[in-house]
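These notes concern the structure reproduced below.
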Amino acid sequence: MYKRGERFSVRSKTTPECSDQEPQLSHYWFQYNISEDAPVPTGDTFKALVTDWNSPAEYAFQPFTMNFGFYLMKVAVLEKVNEIMGAQKNSFWNENMCGFHIVPTNLVACMVGGESGTVGVHQELQLSAELSYDPNESPYNQQHLRYKWSCWVSEHSEGQYCKGKGVQVGTGVLLSIPKDQLQVDSVYEFMVEVWSAKPSVPGYTVNPSNAIKRVAVIEGRPAILALEYVRNVGPYFQSNPEEIVYLKVVCEAECADTMEEMEYEWTFEPTEGSKKTLDWKQDTQFGQNTDKLLILENKLTRSETYLISVTGRATTPGPRNPKGFL
1 MYKRGERFSV RSKTTPECSD QEPQLSHYWF QYNISEDAPV PTGDTFKALV
51 TDWNSPAEYA FQPFTMNFGF YLMKVAVLEK VNEIMGAQKN SFWNENMCGF
101 HIVPTNLVAC MVGGESGTVG VHQELQLSAE LSYDPNESPY NQQHLRYKWS
151 CWVSEHSEGQ YCKGKGVQVG TGVLLSIPKD QLQVDSVYEF MVEVWSAKPS
201 VPGYTVNPSN AIKRVAVIEG RPAILALEYV RNVGPYFQSN PEEIVYLKVV
251 CEAECADTME EMEYEWTFEP TEGSKKTLDW KQDTQFGQNT DKLLILENKL
301 TRSETYLISV TGRATTPGPR NPKGFL
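full-length UniProt numbering puts the first residue of the sequence shown at 1, with every later residue one more than the last.
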């Protein structure tokens, strides 16, 4: 099974008959759609969609070029052998088939800036789901996504905003909450649900997704920080442990005069039973207390999940704590 966003190929491996001469091989490729529900306008369910005559021994599929469905690839190989003795010319045909499915991937919902944060009671709270995406479509074709925001109070609130479980508070990719709407010393959880407005393909469901962010409300006007995913890291991203992992802190509002006036502390927590820890001097380039976290190559373990968070403080009180999964 393959995804629409993957690049994959089908390769022909030919073992010629014994001969003193190098055989002359010609490959003929045929692509068939045999899925009744695949959205391809064919006259019947077994019809060549693409025929690439005399192509090389590998047939490649580029990302986002195939519809959901089940396909067959047939390769026919013509072998020509010229015999020196008697000037005879022999030709041999052979063919083979393989089948594959193009299946959907679930949508990915994600909020900008990490999975938790802090806001002052007299500050406007702005949340964005613009990092959400449909992996079944090109990054330049995401206009079909739709959003619904809801919220609830998880800790210490006597206010009216988000009173009750799962109160809908907005639609669209952005959510803005005016100042003084949230209760100080409370923690709110905001969830964005993301789904596709494209017509569904029978038998191939693209499941919606959701993301949750915890926001603590405090007195004062704290700096609003967010995580920037620079390299080999991101929400629901499979990082390659053989490459560096690079994140940065971005100050979005109420910042100090310069980022150098902020003090930071990164934390690294393994999940799902892992006991991996970071040696901040040996495993990272910038250490634990700058606006950058760069984990060196081969310091993480494949197939494990880690929780990375950062706390920033300026010269005025008010720690910020955006978090993000790696």
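All C-beta atoms, glycine included, are put in the ideal place defined by N, C-alpha and C.
If you're wondering where the values come from, they're calculated on a predicted model, not measured in any experiment.
Of the residues the options, the one placed nearest residue i, counting alpha carbons only
{"i": "glutamine 288", "options": "Val10, Glu272 and Lys248", "result": "Lys248"}
{"i": "methionine 111", "options": "Lys165, Ser12, Glu58 and Arg214", "result": "Arg214"}
{"i": "valine 187", "options": "Ser239, Leu125 and Tyr140", "result": "Leu125"}
{"i": "cysteine 162", "options": "Tyr140, Lys179, Leu145 and Glu189", "result": "Glu189"}
{"i": "alanine 57", "options": "Asn141, Arg313 and Val75", "result": "Val75"}
{"i": "proline 294", "options": "Thr118, Glu115, Tyr229 and Pro270", "result": "Reading off the sequence shown, one finds leucine at residue 294, where the question assumed proline. Nearest C-alpha to leucine 294: Tyr229."}
{"i": "lysine 148", "options": "Thr171, Gly166, Val233 and Tyr140", "result": "Thr171"}
{"i": "histidine 27", "options": "Gln238, Phe100 and Thr14", "result": "Thr14"}
{"i": "phenylalanine 268", "options": "Val310, Gly234, Tyr246 and Gln142", "result": "Val310"}
{"i": "alanine 226", "options": "Val217, Tyr246 and Ala253", "result": "Ala253"}
{"i": "arginine 313", "options": "Gln183, Gln143, Thr118 and Phe237", "result": "Thr118"}
{"i": "phenylalanine 100", "options": "Phe70, Tyr140 and Gln160", "result": "Phe70"}
Cross-strand partners of residue i (DSSP beta bridge)
{"i": "lysine 3", "result": "Val103"}
{"i": "alanine 57", "result": "None; alanine 57 has no bridge partner."}
{"i": "threonine 65", "result": "Paired residue(s): none; threonine 65 is not in a bridge."}
{"i": "glutamine 24", "result": "Lys80"}
{"i": "glycine 170", "result": "Trp149"}
{"i": "arginine 313", "result": "Glu263"}
{"i": "alanine 223", "result": "Answer by DSSP bridge pairing: none, since alanine 223 is not bridged."}
{"i": "residue 339", "result": "Because the chain here runs from 1 to 326, residue 339 falls outside it and cannot be looked at."}
{"i": "tryptophan 195", "result": "Arg146"}
{"i": "isoleucine 295", "result": "Val245 and Thr284"}
{"i": "methionine 97", "result": "Lys74"}
Chain-order list of residues whose beta-carbon lies under 6 Å from that of residue i (same chain, five-residue window excluded)
{"i": "glutamine 168", "result": "Ser150"}
{"i": "aspartate 185", "result": "His156"}
{"i": "glutamate 272", "result": "Thr305"}
{"i": "proline 135", "result": "Gly5 and Thr105"}
{"i": "arginine 250", "result": "For clarity, residue 250 is valine in the given sequence; the question names arginine instead. These residues qualify, in order along the chain: Ala226 and Glu228."}
With 16 other Cβ atoms within 10 Å as the buried cut-off, status of residue i
{"i": "glutamine 123", "result": "buried"}
{"i": "proline 63", "result": "exposed"}
{"i": "threonine 284", "result": "buried"}
{"i": "tryptophan 29", "result": "buried"}
{"i": "glutamate 137", "result": "buried"}
{"i": "arginine 231", "result": "exposed"}
{"i": "tryptophan 93", "result": "exposed"}
{"i": "histidine 96", "result": "A small fix is needed here, since residue 96 is asparagine in this sequence, not histidine. With fewer than 16 Cβ atoms within 10 Å of its Cβ, asparagine 96 is classed as exposed."}
{"i": "serine 12", "result": "buried"}
{"i": "aspartate 279", "result": "exposed"}
{"i": "asparagine 298", "result": "exposed"}
{"i": "alanine 129", "result": "buried"}
{"i": "alanine 60", "result": "exposed"}
{"i": "serine 132", "result": "buried"}
{"i": "aspartate 291", "result": "buried"}
{"i": "alanine 223", "result": "buried"}
{"i": "cysteine 98", "result": "exposed"}
{"i": "serine 239", "result": "buried"}
{"i": "threonine 277", "result": "exposed"}
{"i": "serine 9", "result": "exposed"}
{"i": "alanine 109", "result": "buried"}
Own chain residues within Cβ distance below 7 Å of residue i, not counting five before or after
{"i": "arginine 302", "result": "Pro241"}
{"i": "proline 208", "result": "Leu107, Glu193, Val194 and Trp195"}
{"i": "methionine 66", "result": "Arg4 and Ile102"}
{"i": "leucine 296", "result": "Ile244, Asp283, Thr284 and Gln285"}
{"i": "proline 41", "result": "No answer about proline 41 holds up, because its pLDDT of 41 lies below 50 and its placement is not dependable."}
Own chain partners of residue i with C-beta closer than 8 Å, once the 5 adjacent residues on each side are dropped
{"i": "valine 103", "result": "Met1, Tyr2, Lys3, Phe68 and Tyr204"}
{"i": "threonine 281", "result": "Note that residue 281 corresponds to lysine in the displayed sequence, not to threonine. Gly287."}
{"i": "lysine 165", "result": "Trp152"}
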